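When you line the sequence shown up against numbering that gives the first Met the number 0, it's residues 0 to 161, in that order.
Yeah, the Cβ is synthetic: ideal placement off N, Cα and C, and Gly gets one too.
Given the structure is predicted, the values throughout are model-derived calculations rather than measurements.
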Amino acid sequence: MTLKNIVPKEATDKSLLTYVKYLNLKERFNNTYTINDSIDPEQLINDTEFNIPNKRILRPVFDELLRHIRNSGVFLDDEDKSCSYISYILSKDVKSKVGEYKTETFDVFKKFVNKYSKQSNHKTKEVDACNGSLIDSTEDTQDFFQVFKDSKKGIFQTIELI
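Laid out in structure tokens, this is it:
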């Protein structure tokens, strides 16, 4: 199996992460940060159209997505890599809650991120919070995620990952 065969078609070289970069982003996204986007999180989440099955089960995933995209300082360094990290954790969280990550679910996440970007007071490209940059990891990724799990164990340290 080659990396070419397991990376989603939508991914590009600039969106790929090394495992070291993944760990760095995980730490940075989990640091305390100041929220300065003037968004009411309850209203944003409640106003988002959830036309997907399992919407109640997925509510915590939207909370987590919002927590990440509100951490605008992480995006200043490298938006593409930050969005790749968020794409990976979204897929992982959805699969752990409902067993699969469908395109319809990904599309709702994109709408949610776009809505956040329009409503927030962050108007610069650097803090556009993945508006249009999430990677659709709903298809052809089963082997990819196994490689990622194996890389966590140190087996594939040199393979670049989303």
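Whole-angstrom distance between residue j and residue i, CA atom to CA atom
| i | j | result |
| --- | --- | --- |
| residue 75 | residue 54 | 31 Å |
| residue 119 | residue 23 | 26 Å |
| residue 111 | residue 73 | 19 Å |
| residue 65 | residue 40 | 8 Å |
| residue 71 | residue 109 | 17 Å |
| residue 60 | residue 43 | 14 Å |
| residue 34 | residue 115 | 13 Å |
| residue 18 | residue 100 | 22 Å |
| residue 135 | residue 29 | 23 Å |
| residue 117 | residue 36 | 11 Å |
Cβ-Cβ separation, residue j to residue i (assumed contact under 8 Å), whole Å
| i | j | result |
| --- | --- | --- |
| residue 80 | residue 25 | Between residue 25 and residue 80 the Cβ distance is about 12 Å, and since that is not below 8 Å, they are no contact. |
| residue 85 | residue 67 | 5 Å |
Sequence-distant residues of the same chain with beta carbon closer than 7 Å to residue i, five excluded per side
| i | result |
| --- | --- |
| residue 77 | none |
| residue 32 | 70 and 72 |
| residue 93 | 57, 60, 100 and 104 |
| residue 27 | 73 |
Beta-carbon proximity list for residue i, same chain, < 6 Å, skipping 5 on both sides
| i | result |
| --- | --- |
| residue 51 | 103, 104 and 107 |
| residue 91 | none |
Cβ neighbour criterion (16 or more within 10 Å) applied to residue i
| i | result |
| --- | --- |
| residue 62 | exposed |
| residue 95 | exposed |
| residue 46 | exposed |
| residue 125 | At residue 125 the pLDDT is 45, less than 50, meaning the model places this residue with poor confidence and gives no usable figure here. |
Same chain only: Cβ atoms within 8 Å of residue i, ignoring 5 sequence neighbours per side
| i | result |
| --- | --- |
| residue 88 | 63 and 67 |
| residue 56 | 96 and 97 |
| residue 48 | 107 and 110 |
| residue 133 | 82, 85, 86, 89, 105, 108, 109 and 112 |
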